[in-house]
Structure formats: C-alpha cells, structure tokens
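Numbering (this note's numbering), first residue to last: 2 to 438. A short write-up of the structure that comes next.
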C-alpha cells in the first residue's frame with residue numbers, strides 16, 4: 002500500500018520504532034492480511050512509541066500492537082497534508098481499529114455538490130447522496146473548519162445558502178470571489194459566463210487540494226502570475242502572488258515553535274543533523290546556534306522588500322527578525338537587491354550568523370558569496386532551490402545536494418525558508434494596505 006512515494010515499512014518492535022523519523026506524517030499499523038489502524042502525527046517516532054507504551058494499559062492499544070506485524074510511515078511536508086492523507090487512507094481502507102469511522106454515525110465529511118452552477122462546500126454527517134463529492138472522514142468539526150478556513154484563503158468560495166441581490170459578507174473580505182450574488186447581477190452574458198467559470202475553477206482547485214494533487218495547482222498559479230505580470234495586470238497579479246505564498250506555506254509548514262519540549266527536542270535533533278550534513282562541505286563548521294535566511298520579495302519590480310529571519314538553536318527567534326525596503330529604486334533584478342540588503346545587513350552591529358541561507362539556487366548563492374568576499378567576511382552559505390527542493394552549497398563548485406525527505410537537517414532548512422516567505426508576505430500586505438510603495 003503506497004499512497005506516496007516515500008512509504009517506509011518497519012518491523013513492529015520497540016527497537017525498530019526508535020528508528021522512525023521524528024517528523025510529520027501518517028502511520029499505518031498492519032499485518033499480512035489487513036490494515037488495522039491509521040493515524041497522523043507531527044512526530045511519527047514519538048507517536049509510535051506512545052502506542053507501544055499505551056498497549057501495556059489500554060485494551061484497544063494492546064489489540065493494535067498484538068495483531069500488527071509492521072508499521073508503515075508516509076512522510077508529509079506539513080500537518081495539513083498529513084490530515085488530508087490520513088482521511089483519504091481511512092476512507093479507502095476502513096481500518097478495523099479506526100472504529101469511529103466504521104461504526105459511529107457522527108463521522109464528518111467535507112461535501113461538494115458539483116452539479117450546480119455555484120457548487121457549495123459544506124460539512125456533512127449525512128449518508129452519501131450520489132450527487133456530491135465527499136472528502137474525509139475527519140475526526141472533528143475543528144479539523145474540518147481548519148481545513149476549509151485555510152483553503153479558502155487560497156481559493157475563495159461562497160458559503161451562503163441562497164443567491165440574493167446583496168454582496169455577501171465574505172466577498173467584502175476577499176474570501177468569496179467572484180461572489181455568486183454579484184455574478185447573478187451581471188447583464189453582459191459573456192462576462193457572466195466567464196465569472197462563473199472562474200468560480201468553478203476555484204472549486205475544482207479545492208477538490209484537487211483535498212485529493213492531495215497540489216503540484217499541478219501550484220504550477221498553474223505560477224503560470225497565471227507570470228501571465229498577469231507580463232500583461233501588467235498588477236492588482237490581479239498581487240492577489241495571485243498572495244495565494245501562491247499562502248498555499249506554499251500551507252503545503253510545507255512545519256511546527257518549529259519554542260512553546261513545547263517536543264519542539265525543543267526536534268530543533269536540537271534537526272540542528273545536529275544539519276551540522277552533520279554540511280560539515281563535509283565546510284570544514285570549520287562546529288555549531289549552528291544562529292541561522293539567518295534572506296528572502297527578496299519582489300512584485301513586478303514594485304514594492305520590493307527583503308526579509309531576514311533568524312533561527313536560534315533550531316527555533317524561530319522572532320525578536321531578531323528584520324525587514325528591509327529596497328532603497329535603490331534603479332535596481333532591476335533580485336540579485337542586485339540581494340547585494341544591497343546583504344551589504345546593509347553586514348554593516349549592522351548584529352551577531353554574525355553561523356550559517357546564511359538564501360532563498361534560491363546558484364545565482365543567489367553566487368551573489369551572497371561575492372558580497373561576503375568583498376566585505377572580507379567568512380560565513381558558510383547555502384541556498385535552497387525548489388521544484389524539487391534541494392540545497393546549493395556555497396563552495397567553489399556550487400554543489401547541489403538533495404537529501405532524503407526524512408532528513409531532519411534538510412527539513413530544518415526548508416522550515417526556515419518557509420518562515421522567511423511568511424514573514425516577507427506579511428510585510429508586503431502591510432505595505433500594500435498602507436499604500437507605501
């Protein structure tokens with residue numbers, strides 16, 4: 002059973018369970034004949050060991066352990082994607098010990114009726130009606146609302162029961178766009194048909210996300226952004242760019258906060274793993290107490306900004322975050338802007354990083370290397386390129402490294418990159434709202 006291309010199977014024993022990755026994903030207890038239980042966790046290793054220990058005091062846990070021969074794991078890039086994958090697998094295999102979804106009439110689904118002009122997205126506990134698409138089951142109303150809230154920020158949809166002549170509340174805050182109420186008031190038949198098509202495309206994209214087919218959707222958004230920018234439709238392009246950034250964050254977000262002992266343990270393991278990965282490229286790399294990531298956020302050469310995020314001992318250190326507005330308005334490329342920002346950063350009386358990460362591949366790394374060389378500063382530099390995610394090492398040969406998806410150090414770099422995107426996006430929205438260009 003392989004829903005993803007990173008499934009790994011472990012023989013069920015305590016010693017084997019200690020080998021599981023301490024990262025986000027889905028786990029499956031199984032024997033030769035059937036799948037017995039499916040769950041998700043932000044730390045697969047800790048959750049699996051928890052099942053093992055709980056089997057000593059809980060009858061259900063004991064039955065799962067005693068009847069299973071293997072534990073299969075499937076890594077996901079985010080808690081959101083783990084939730085989606087878990088629901089799909091439970092629906093497909095109906096595991097014996099996921100009794101809530103087999104026997105309890107209170108299981109919850111996301112229901113999308115695609116047979117209407119304006120498909121509705123609802124939560125449902127009812128039997129399948131044969132006319133709608135269903136996604137789930139989900140364990141709680143909270144999970145369903147959380148999924149729909151996040152997806153709606155990328156692909157707006159209407160939640161109003163009936164079509165009226167008034168603009169709905171959510172359209173005023175850009176979470177229902179185009180609004181069916183407004184579409185129905187359009188007189189021009191061609192425009193009306195096109196607006197209906199835009200709305201249905203949003204629904205189609207939501208369906209693909211709920212099916213876990215996110216890569217084609219993301220690629221299409223990037224194509225749309227390029228086209229809108231070329232046509233100088235900057236307002237529409239800005240909306241599309243915001244949607245891309247939110248979807249990227251949703252798909253790759255990791256939980257590296259400083260609020261729990263679990264996060265601290267994960268951060269320590271991740272930092273040690275990253276040191277081990279990079280030490281063969283940087284001979285003097287002993288510690289990674291302070292990691293900085295630079296992200297140039299450039300919208301059609303307007304509102305160009307940069308963000309600097311800092312992770313201290315593997316955890317977000319928001320007090321150290323910095324924002325930059327590009328001062329030289331004649332600069333025409335991200336690389337020139339990065340040069341300006343790095344020069345300004347290293348002229349500040351701030352602690353030097355133990356590692357500098359650039360959001361991007363070889364061109365960005367080359368720029369950072371030139372700036373540090375000109376300033377006679379020695380700092381290890383790496384870049385993180387995407388599609389697929391990979392590291393570019395800041396040495397003479399600019400080697401490219403693609404660690405295994407289980408690699409904690411690699412995932413830490415990805416988390417830092419994602420946080421820099423989030424921080425940059427927040428600043429962009431601030432500037433736009435304040436009309437500071």
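The C-beta atom is built at its ideal place from N, Cα and C for all residues, glycine as well.
**OP:** Just the C-alpha distance for residue 273 and residue 379, rounded to the nearest angstrom, thanks.
**Re:** The alpha-carbon atoms of residue 273 and residue 379 are separated by roughly 21 Å.
**OP:** Look at the Cβ atom of residue 342, then the Cβ atom of residue 363, and state whether they are nearer than 7 Å.
**Re:** It is not a contact, given that the beta carbons lie outside the stated cut-off.
Subject >> Sequence-distant residues of its chain with Cβ nearer than 6 Å to residue 259 (five each side left out) >> reply: Its pLDDT being 38, under 50, residue 259 is placed unreliably in this model, and the coordinates cannot settle the point.
**OP:** Could you tell me which of 70, 76 and 23 sits nearest to residue 51, measuring between CA atoms?
**Re:** Of 70, 76 and 23, the residue nearest in Cα terms is 23.
Original post:
Are residue 133 and residue 113 close, meaning C-beta to C-beta below 7 Å?
Top reply: The beta carbons of residue 133 and residue 113 sit closer together than 7 Å.
**OP:** Starting from the C-beta of residue 167, find all residues in its chain whose C-beta is less than 8 Å away, skip the five residues before and the five after it, and write them out in chain order.
**Re:** In chain order, 182 place their CB closer than 8 Å to the CB of residue 167, counting only its own chain and leaving out the 5 sequence neighbours on each side.
**OP:** Can you give me the Cβ contacts of residue 176 inside the same chain, cut-off strictly under 6 Å, excluding the 5 residues immediately before and after it?
**Re:** If we look at residue 176 and ignore the five residues flanking it on each side, its Cβ neighbours are 153 and 157.
Subject >> DSSP state of residue 364 mapped onto helix, strand, coil >> reply: In this structure, DSSP gives residue 364 a helical state, which the three-state scheme calls helix.
**OP:** Going by CA-CA distance only, name the one from 324, 198, 383 and 410 that's closest to residue 283.
**Re:** Restricting attention to 324, 198, 383 and 410, the CA atom closest to the CA of residue 283 is found in 383.
Original post:
Between residue 91 and residue 213, is the Cβ-Cβ spacing less than 7 Å?
Top reply: Contact check for residue 91 against residue 213 fails: the beta carbons are separated by 7 Å or more.
Original post:
Between which two residues does the alpha helix (DSSP H) containing residue 250 stretch?
Top reply: Boundaries of the alpha helix (DSSP H) around residue 250: 235-253.
Subject >> residue 439 burial status per 10 Å Cβ neighbour count (16 or more: buried) >> reply: As displayed, the chain neither begins before 2 nor continues past 438, which places residue 439 out of reach and without an answer.
**OP:** Helix, strand or coil for residue 409, going by three-state DSSP, please let me know.
**Re:** Looking at residue 409 - three-state DSSP - the assignment turns out to be helix.
**OP:** Taking residue 125 as part of the beta strand (DSSP E), name the residues at either end of that continuous run.
**Re:** Per DSSP, residue 125 belongs to the beta strand (DSSP E) from 122-125.
Original post:
Is the beta carbon of residue 381 less than 7 Å from the beta carbon of residue 291?
Top reply: No. Outside cutoff.
Subject >> Start-to-end residues for the alpha helix (DSSP H) that takes in residue 170 >> reply: First-last of the alpha helix (DSSP H) with residue 170: 170-173.
**OP:** Would you list the residues sitting across from residue 114 in a DSSP beta bridge?
**Re:** Residue 114 is bridged by DSSP to 133.
**OP:** Tell me whether residue 30 is buried or exposed, calling it buried when 16 or more other Cβ atoms sit within 10 Å of its Cβ.
**Re:** Classification for residue 30: buried.
**OP:** Return the CA-CA distance between residue 262 and residue 318, expressed in angstroms with no decimal places.
**Re:** The predicted model places residue 262 with a pLDDT of 41, which falls under 50 and marks its position as unreliable; any figure quoted below should be read in that light. Whole-angstrom Cα-Cα distance: 16 Å.
**OP:** Compare the C-alpha of residue 33 against each of 287, 10, 406 and 46 and name the closest.
**Re:** Among 287, 10, 406 and 46, the Cα nearest to that of residue 33 belongs to 10.
Original post:
Using the beta-carbon count (16 or more within 10 Å), is residue 61 buried or exposed?
Top reply: Exposed, since its Cβ has fewer than 16 Cβ neighbours within 10 Å.
**OP:** Tell me whether residue 416 sits in a helix, a strand or coil according to DSSP, three-state version.
**Re:** In the structure shown, the three-state DSSP call for residue 416 is helix.
Subject >> Nearest neighbour of residue 312, chosen from 427, 271 and 334 [CA to CA] >> reply: For residue 312, the nearest C-alpha among the options comes from 271.
Original post:
Under 7 Å, do residue 74 and residue 28 count as touching if we go by C-beta distance?
Top reply: In this structure, residue 28 lies closer than 7 Å to residue 74 by Cβ.
Original post:
With a cut-off of 8 Å, do at least 3 Cβ pairs link the region 227-237 to the region 367-379?
Top reply: Touching, no.
**OP:** Keeping to the same chain, check which residues put their C-beta closer than 8 Å to that of residue 244; ignore five residues upstream and five downstream.
**Re:** If we look at residue 244 and ignore the five residues flanking it on each side, its Cβ neighbours are 154, 155, 156 and 222.
Subject >> Any non-hydrogen atom of the ligand NAP within 6 Å of residue 87 CB >> reply: The model depicted lacks the ligand NAP and carries no ligand whatsoever.
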